[in-house]
Each structure stands twice: as structure tokens, then as C-alpha cells.
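Before any comments, here is the structure.
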Ligand code: GLA
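Next up, the structure:
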């Protein structure tokens with residue numbers, strides 16, 4: 424059995440790690456599923472509620488099976504999955520290709536088929552598969568292929584979210600393993616520097632991502648505002664400004680990254696909601712062709728960057744980003760984007776954040792952009 428369109432476009436959902444790390448339990452997951460519906464996130468396209476590391480006991484049971492921690496999940500995982508499903512959402516879980524998960528719980532090494540069967544019996548729809556405690560002599564590529572084989576034979580459609588942080592040239596072999604998404608970076612932190620570093624590290628990898636196999640630049644920190652319980656992720660980093668979170672969301676959308684929310688969605692501000700649920704920016708991310716963006720020449724891209732993502736309807740998604748620390752004009756020369764003004768071709772520029780049509784432009788578009796801010800357009804090609 425295999426659902427034909429599983430993972431065709433970048434998966435969208437929520438994951439427990441960024442904000443809660445080890446502090447997870449049944450009530451949190453249920454309340455998050457409730458909030459996914461009541462806030463409008465579900466209607467905006469977010470689908471998966473994913474429990475990350477720290478959900479199990481430290482030991483397998485006598486049959487070698489993984490056991491949910493009864494203090495955190497007193498009714499077991501099937502009850503949690505059933506609740507998530509009752510809200511019209513899908514349920515995700517986490518394991519690891521090594522002997523232990525990154526937080527030291529049992530990993531799936533040499534238990535792949537058994538664990539896939541366990542996840543299927545609980546009603547799991549998504550598996551994030553990490554890379555800690557991998558025995559040194561084992562080939563990571565083979566282990567991801569092995570887990571995918573187990574998932575494809577467990578009797579349930581389970582989206583495979585590989586997470587080896589870009590090791591072993593993952594982009595060059597992951598598509599053959601069958602994973603629908605692959606983490607290509609180290610862990611994100613709730614800071615502008617981290618957002619910028621992760622984004623810039625993946626610019627040369629866009630050709631390796633496409634429908635059914637998406638480069639995952641890591642989960643979103645949008646709306647966290649320093650709210651993690653973990654020092655590394657950002658409880659001491661001070662978080663980002665709302666403008667920085669909006670730029671982060673725009674970058675991830677244009678890069679075709681999965682959109683997996685990491686903030687506490689039970690407590691989102693209006694600004695966070697508007698950022699995460701902007702239908703025009705989500706539509707750019709979810710275009711069925713998943714064509715990678717290209718950089719428009721003319722500026723130092725580490726400071727002022729314009730990205731163009733050609734959409735399946737013939738329009739262009741355009742992001743203009745001021746990654747630098749000074750206010751600056753960003754110039755978008757249409758010639759470099761294949762728009763011949765002399766032949767009477769121009770662009771009708773719709774601003775996705777102000778949600779206004781800025782009219783028709785020929786030859787170029789320019790905007791003065793504040794530091795760490797951006798403009799995102801859906802531009803229609805017009806003649807005459
Ligand atoms: C790794 C992953 C993170 C998270 C933690 C859990 O660091 O990259 O996304 O899953 O493990 O321990």
C-alpha cells in the first residue's frame with residue numbers, strides 16, 4: 424500500500440522539540456492538536472503533529488519493543504494518535520538510526536522492522552529519523568534505506584523524515600532511499616544568526632530537492648520569542664524580532680523547505696499567526712513543481728539577496744532579502760530574470776505581506792528594505 428501523493432509538496436506541521444524538548448506529555452499533544460484546529464493552522468495547510476525525542480522509557484520491554492513513558496503518556500500512543508486523527512490531523516513520531524536517540528532513549532538500530540510495525544500499530548503517519556549513536560562502522564545511507572524499507576512494509580503509509588544533518592553528502596543519495604524530506608543542517612537556534620547561517624548553507628543544494636523529496640532546513644523558530652526550555656535552542660539567546668521571524672518564514676517558503684512549526688501554538692500572538700498562515704507565502708512553498716529558487720545577480724548575496732522561484736502557473740515568486748545590518752536599496756533587474764522589457768514584457772507585482780497589488784513594472788523593481796526585513800511578491804508576467 425502506498426498513498427500516491429504522500430510528501431509530494433513540502434510537509435507542513437508542528438514538532439515538539441524546539442520549545443518543549445523533554446517536557447512533553449499527552450495533554451500537551453492534545454492541546455496542540457486542538458490549537459492546530461482552533462487557530463486556523465489546519466485550514467492553512469498544517470497537517471502533522473509530531474512528537475520528537477524523549478517520549479519512551481529508557482529500556483525496551485521483554486519483547487524488545489519500544490514503550491511510551493507511562494508518566495508522560497498514561498494512555499499509550501495509540502490513544503494520542505486517535506485523538507490527533509479525530510481532529511482531522513496526522514500524527515508523527517521520532518526515532519533514530521543508532522543504538523540510542525540523541526537524548527539517550529532507545530534507538531531503532533537493528534530493530535527497524537519491529538519498530539516500524541509498532542509505529543504502524545499505533546497509527547503513526549510520519550517518522551522523523553535521527554542520526555545519533557550510529558555505530559561507527561555502519562554506513563548511514565544503508566541505515567536510512569533499511570528504515571525506509573521497513574516503513575514501506577509495515578502496512579501503513581508513514582512519511583519518512585530523514586534527519587542526518589547533511590552528513591555523508593545526504594543530498595546525493597537520499598532520494599533513492601525513499602525519504603520524503605531530509606534534514607540538511609545542524610540544529611536551528613532561536614536567533615537571527617542561526618536562521619541566516621542555515622539558509623546560506625543550503626543555497627547550492629536547491630537542485631537536489633524536488634517533489635516527494637524535500638530539503639529540510641530545520642524546523643521553524645517563528646513565534647518562539649526565546650520560549651524554548653533549552654539553552655542551546657535559545658532560552659538564553661533572546662529570540663528574534665517579529666520582522667526576523669517573517670523573513671525566516673519567507674526564506675524557508677521560497678527554499679521549498681518543509682514548514683514544521685516549533686513554537687507553542689497554544690499561545691501565538693496575532694503577528695505570529697499572520698506570519699505562519701499567510702496564504703500567499705504558503706502557496707509559494709506548496710507549488711506542485713517544487714522548482715528551486717535562483718539568485719538574481721547584482722548584489723553580494725550574503726547581504727542583499729533576491730531569490731526567484733518559478734511557479735507552475737507561469738508566474739514568479741520573488742523574495743528580496745536584506746540579510747545585512749544596514750538599511751539598503753535592493754535592485755531587481757528584470758533582464759537578469761529573463762524578462763525582456765524591449766519586447767513589451769513586464770511584471771504585475773503582488774506584495775504577499777502587505778497583500779496589495781503594487782502595479783505593473785518593466786525593466787526593474789527596487790525597494791529600500793530595513794535590516795533583516797524582506798519583500799515577497801507573486802509576480803504575473805504581462806505583455807503589452
Ligand atoms: C537532534 C535533531 C533535533 C532533535 C534532537 C532530539 O539534535 O537534529 O532536531 O530531534 O536531536 O534529541
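Numbering (my numbering), first residue to last: 424 to 807.
Built from N, CA and C at the ideal position, the CB exists for glycine as well.
- Taking all protein chains shown into account, residue 648 has 16 or more neighbouring C-beta atoms within 10 Å of its C-beta and is therefore buried.
- Ranking 613, 755, 596, 501 by CA distance to the CA of residue 723 puts 755 first.
- Comparing C-alpha distances from residue 739 to each of 426, 661, 712 shows the shortest one belongs to 712.
- In chain order, 707, 708, 716, 730, 732, 740, 742, 799 place their CB closer than 8 Å to the CB of residue 677, counting only its own chain and leaving out the 5 sequence neighbours on each side.
- For a cut-off of 8 Å, the C-beta gap from residue 577 to residue 540 is around 5 Å, short enough to register as a contact.
- Around the CB of residue 570, 16 or more other CB atoms lie within 10 Å, so the residue is classed as buried.
- Within the model, the alpha-carbon separation for residue 509 versus residue 470 is close to 13 Å.
- By DSSP's assignment, residue 771 forms a beta bridge with 783, 803.
- As for any alpha helix (DSSP H) of minimum length 4 sitting wholly inside the stretch 638-703, the runs are 665-677, 693-699, ordered along the chain.
- Annotation for residue 446: 652 place their beta carbon closer than 7 Å to its own, counting only its chain and skipping 5 residues before and after.
- For residue 593, the three-state secondary structure derived from DSSP is helix.
- Here residue 536 carries a helix assignment [DSSP, helix/strand/coil].
- The stretch 537-551 makes no contact with the stretch 454-462, as fewer than three CB pairs between them are under 8 Å.
- Judged by DSSP in its simplified three-state form, residue 617 adopts helix.
- The alpha-carbon of residue 516 is positioned some 5 Å away from that of residue 474.
- Under the rule that a run must span 3 or more residues, the beta strand (DSSP E) segments found entirely inside the stretch 707-748 read 727-733, 739-745.
- Taking the Cα of residue 781 as reference, the smallest distance to any Cα among 801, 454, 488 is reached at 801.
- According to the DSSP assignment, residue 438 belongs to the beta strand (DSSP E) that extends over 435-438.
- One Cα belongs to residue 687, the other to residue 700, and the distance between them is close to 15 Å.
- Between the stretch 545-565 and the stretch 516-532 there are three or more C-beta pairs closer than 8 Å, enough to call the two in contact.
- With at least 16 other beta carbons inside 10 angstroms of its own, residue 439 counts as buried.
- Here residue 473 carries a strand assignment [DSSP, helix/strand/coil].
- In terms of side-chain proximity, the C-beta atom of residue 543 is found no nearer than 8 Å to any non-hydrogen atom of ligand 1.
- When rounded, the separation of the alpha-carbon atoms in residue 767 and residue 644 is 42 Å.
- The alpha-carbon of residue 670 is positioned some 40 Å away from that of residue 490.
- When the five nearest sequence neighbours on each side are left out, the beta carbons in the same chain lying within less than 6 Å of the beta carbon of residue 448 are those of 495, in order along the chain.
- Less than 9 Å divides the Cβ of residue 591 from the Cβ of residue 564.
- Only residues of its own chain outside the window of five on either side were considered, and among them 433, 434, 604, 637, 639 have a CB closer than 6 Å to the CB of residue 681, listed in chain order.
- CA-CA distance, residue 620 to residue 450, rounds to 35 Å.
- Going by C-alpha positions, residue 575 is about 9 Å away from residue 582.
- Comparing C-alpha distances from residue 773 to each of 764, 765, 783 shows the shortest one belongs to 783.
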